[in-house]
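Step one of this worksheet: look at the structure below.
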Amino acid sequence: GNSVTQMEGPVTLSEEAFLTINCTYTATGYPSLFWYVQYPGEGLQLLLKATKADDKGSNKGFEATYRKETTSFHLEKGSVQVSDSAVYFCALRGTSGSRLTFGEGTQLTVNP
Amino acid sequence: SAVISQKPSRDICQRGTSLTIQCQVDSQVTMMFWYRQQPGQSLTLIATANQGSEATYESGFVIDKFPISRPNLTFSTLTVSNMSPEDSSIYLCSVEDWAGGYGYTFGSGTRLTVV
Chain A
597 GNSVTQMEGP VTLSEEAFLT INCTYTATGY PSLFWYVQYP GEGLQLLLKA TKADDKGSNK
657 GFEATYRKET TSFHLEKGSV QVSDSAVYFC ALRGTSGSRL TFGEGTQLTV NP
Chain B
1162 SAVISQKPSR DICQRGTSLT IQCQVDSQVT MMFWYRQQPG QSLTLIATAN QGSEATYESG
1222 FVIDKFPISR PNLTFSTLTV SNMSPEDSSI YLCSVEDWAG GYGYTFGSGT RLTVV
């Protein structure tokens, strides 16, 4: 079946540091890939997505590229802010069926 | 993108009671999904609800414990029955939202504490 593996957290960075959160997946064919963010006390918000190989999703300074050859969708941001502190989830939608499969989530804390 | 109104946002309930969570969508959607997020954990799919048919439950979840209604294309409810402290979680509904290429939209969640 489908699965998503995220780097273990929590991650603590200083403001303006570079962020990478690794995400790899197992799925047949070409799944759609997502990053969701959950701010404290809130629900999930779509951060970015990519639906085919080599697509780059981007939003709010975050980027992730769909790498079929390495089955990865790593999240990056060049300069994090305190307001980026949240839990980040990598997820995929397989080619058969509509369900989302989530990674474990990575807690990010950005200190001023 | 679709907008989901989920109620209640939080509740504290006595063990042995039931709580019904509602999700209202501002557009018609075929499939709605219900997830559970236990403290500090990722999201686990409880069931998928299509209008006019029985919900499809994932392994480990049963209809008697989590009955779901889906009376029309914009509304669904999830009931958490005969609650115990282990049911304390965040419950979220979600819909597919590909009309605008958006993917999936989530409700804001219901934070349930069972005492």
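Protein chains in written order, with the working numbering: chain A, 597 to 708; chain B, 1162 to 1276.
Where a beta carbon is used, it is the ideal one built from N, C-alpha and C, also for glycine.
_Under the three-state DSSP convention, the category residue 1164 of chain B falls into_ = coil
*For residue 1241 of chain B, which residues from the same chain have a beta carbon less than 6 Å from its beta carbon, with the 5 sequence-adjacent residues on both sides left out?*
1180, 1248
*Where does the unbroken beta strand (DSSP E) through residue 1197 of chain B begin, and where does it stop?*
1192-1198
*asked:* Please report whether the beta-carbon of residue 695 of chain A lies at a distance below 7 Å from any beta-carbon of chain B.
replied: yes
_Within 7 Å of any Cβ in chain A, is that where the Cβ of residue 1193 of chain B sits?_
no
_Paired residues, beta bridge with residue 1259 of chain B - DSSP_ = For residue 1259 of chain B, which the question treats as bridged, DSSP gives no partner whatsoever.
*For the segment 674-705 of chain A, which residues have a CB atom closer than 7 Å to at least one CB atom of chain B, in sequence order?*
685, 694, 695, 696, 698, 699, 700, 701
*Can we say the segment 1221-1229 of chain B touches the segment 1198-1211 of chain B, given the rule of at least three CB pairs closer than 8 Å?*
yes
*May I ask you to list, following chain order, the residues of the segment 614-647 of chain A that have a beta carbon less than 9 Å from some beta carbon of chain B?*
628, 630, 632, 634, 637, 638, 639, 640, 641, 642, 645, 647
*asked:* Counting only Cβ-Cβ distances shorter than 9 Å, please list the residues of the segment 1245-1256 of chain B near chain A, keeping chain order.
replied: 1251, 1253, 1255
*Taking the continuous beta strand (DSSP E) assigned at residue 646 of chain A, which residues delimit it?*
640-646
*Going along the chain, which residues of its own chain have a beta-carbon closer than 6 Å to the beta-carbon of residue 1269 of chain B, five neighbours each way excluded?*
1167
*Is residue 1266 of chain B buried or exposed, if buried means 16 or more other CB atoms sit within 10 Å of its CB?*
buried
*Kindly list the residues whose CB is nearer than 7 Å to the CB of residue 623 of chain A, restricted to its own chain and excluding five residues on each side of it in sequence; keep chain order.*
598, 688, 690
*C-beta atoms of residue 682 of chain A and residue 607 of chain A nearer than 7 Å*: no
*For residue 1275 of chain B, name the three-state secondary structure that DSSP assigns.*
strand
*What do you reckon, are the CB atoms on residue 1184 of chain B and residue 1237 of chain B nearer than 7 Å?*
yes
*Cβ-based burial, residue 1191 of chain B [other Cβ within 10 Å; buried from 16]*: exposed
*In the DSSP assignment, find the beta strand (DSSP E) that holds residue 673 of chain A and state where it starts and stops.*
671-673
*Taking only the alpha-carbon atoms, compute the straight-line gap between residue 631 of chain A and residue 615 of chain A and give it to the nearest angstrom.*
14 Å
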